[in-house]
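In terms of the UniProt record's numbering, the sequence shown has 147 at position 147, counting the first letter as 1, and numbering is strictly consecutive. Every residue gets a Cβ at the ideal spot worked out from N, C-alpha and C, and that includes glycine.
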Amino acid sequence: MTTTAAAPPRVAPPRRKRSRIEQRGWLFVAPFAIVFALVFLAPLIYSLWLSLFRDQLVGGNAFVGLDNYIAAFTDPKFWDGFVRVLGFLVVQVPIMLLLALGAALAIDSARLRAKSFNRIIIFLPYAVPAVVAVLMWGYIYGDQFGLAGNINDFLGSTFLAPLSSQWIMLSIGNIVTWEFVGYNMLIFYSSLKTIPGDLYEAASIDGAGDWRTIFSIKLPALRGSLVIATIFSIIGSFQLFNEPNILKPLATNVISTYFTPNMYAYNLSFAGQQYNYAATVAIIMGVITAIIAYVVQLRGSRQEV
């Protein structure tokens, strides 16, 4: 006959010891919480507060509730820039991510030589400051003084006009793609290096070729990275500002002050002195960006399950 010994009862830690542990935890979290509150929560709360007021000739800065939001939702300048940025996102982001994915797969392939050199070359544009990159491309795009102008002179025509209204979005998309392909390539390549070698050996034993290995092993492993890169790209597209703002002096009649929502908010604030309305535009764009990014993350998480 065997007897089963009863499990010893769990002894809860003394309340004073638990309190000390909680205090130490707050000490570790406190530096991040303070910085987070100062650089994220405080500007956000201040922008929300600004968006509820309006500076009027009579009455000064008066509380107007949601009037600024109602005005923004019926503002054709705001929606003109928003639709332009949305179209830019739909076209540019897939092209950029496909190029980055192809570059990562090529560098991860055993057939490519000089992998380190190719990785650095593709990543190098991301290390160039955005202002310098746009100025460089602006000189290339110039049809009166730059490379495009030289080619036009050689051909005796005005065929190349990258800063015209028909081509300006394509020209900006080219700059953004040039800047961020290497950044996204590095995210994908890092994920590829985490795939266990056992999977490749099993695929080789089963007779899987290169393409079969890519579609059955590499791409499923990259799904999480693709979701992250897509979210970052969506956020970056809705924040489009540097490229059109720097190119504006070269394309005065093409790029308006409300070319993108960010440019609109910037000019409202610093040129028009309409701080309250500028804060409203910024809040609306932040909410739209957060909703779209959350939907993308939600769909990506469901597909992983």
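Chain-order list of residues whose beta-carbon lies under 8 Å from that of residue i (same chain, five-residue window excluded)
i	result
residue 315	Residue 315 falls outside the range modelled here, since the chain spans only 1 to 305, and no answer is possible.
S190	S225
Y200	T213, I217
T2	With a pLDDT of 47 at T2, under the threshold of 50, the modelled position of that residue is not reliable, and the figure given next carries that caveat. No residues qualify anywhere along the chain.
V131	N242, I246
V254	L163, S164, S165, I168
I234	L89, V93, T289, I292, A293, V296
A203	R212, T213, S216, I217
A72	F78, Y277, T280, V281, I284
D67	R54
T177	Q92, I95, M96, L99
Unbroken alpha helix (DSSP H) run spanning residue i, endpoints
i	result
G102	76-108
G272	G272 -> no alpha helix (DSSP H), and no H or E assigned at all.
F259	Per DSSP, F259 belongs to no alpha helix (DSSP H) and is neither H nor E.
P244	242-247
L250	Where L250 is concerned, there is no enclosing alpha helix (DSSP H), given that its DSSP letter is neither H nor E.
L222	Careful: L222 lies outside any alpha helix (DSSP H) and carries neither H nor E.
D198	197-205
Bounding residues of the beta strand (DSSP E) (the contiguous stretch that carries residue i)
i	result
residue 356	Nothing can be reported for residue 356: it is not among the residues displayed for the chain, which extend from 1 to 305.
Bridge-paired residues (DSSP) for residue i
i	result
F63	F53
Close Cβ partners of residue i (< 7 Å) along its chain, the five nearest in sequence each way excluded
i	result
K193	none
A104	M185, F188, Y189, L192
N152	D143, T158, F159, L160
V128	none
D108	Y189, L192
K115	I107
Y139	G146
G149	G142, D143
I283	S47, L48, S51
A62	F53, R54, Q56
6 Å CB neighbourhood of residue i in its chain, flanking five on each side removed
i	result
E243	V134, I172, I175
L101	F188
G300	V227
A278	A265, L268, S269
D80	none
G156	none
L250	G138, L163
L99	V181
Residue environment, residue i, which counts as buried when at least 16 other CB atoms sit within 10 Å
i	result
R119	buried
I246	buried
E22	exposed
T74	exposed
P220	exposed
A271	exposed
T252	exposed
W211	exposed
L57	exposed
I95	exposed
L240	buried
residue 308	Any property of residue 308 remains undetermined from this structure, which presents the chain solely from 1 to 305.
R20	exposed
Y275	buried
P76	exposed
V85	buried
L27	exposed
P31	exposed
F238	buried
residue 338	With the chain represented from 1 up to 305, any question about residue 338 goes unanswered, as that position is not in the structure.
Along the chain, which unbroken stretches of the alpha helix (DSSP H) at least 4 residues long are found entirely within the segment 112-179? You should have 115-127, 130-141, 147-155.
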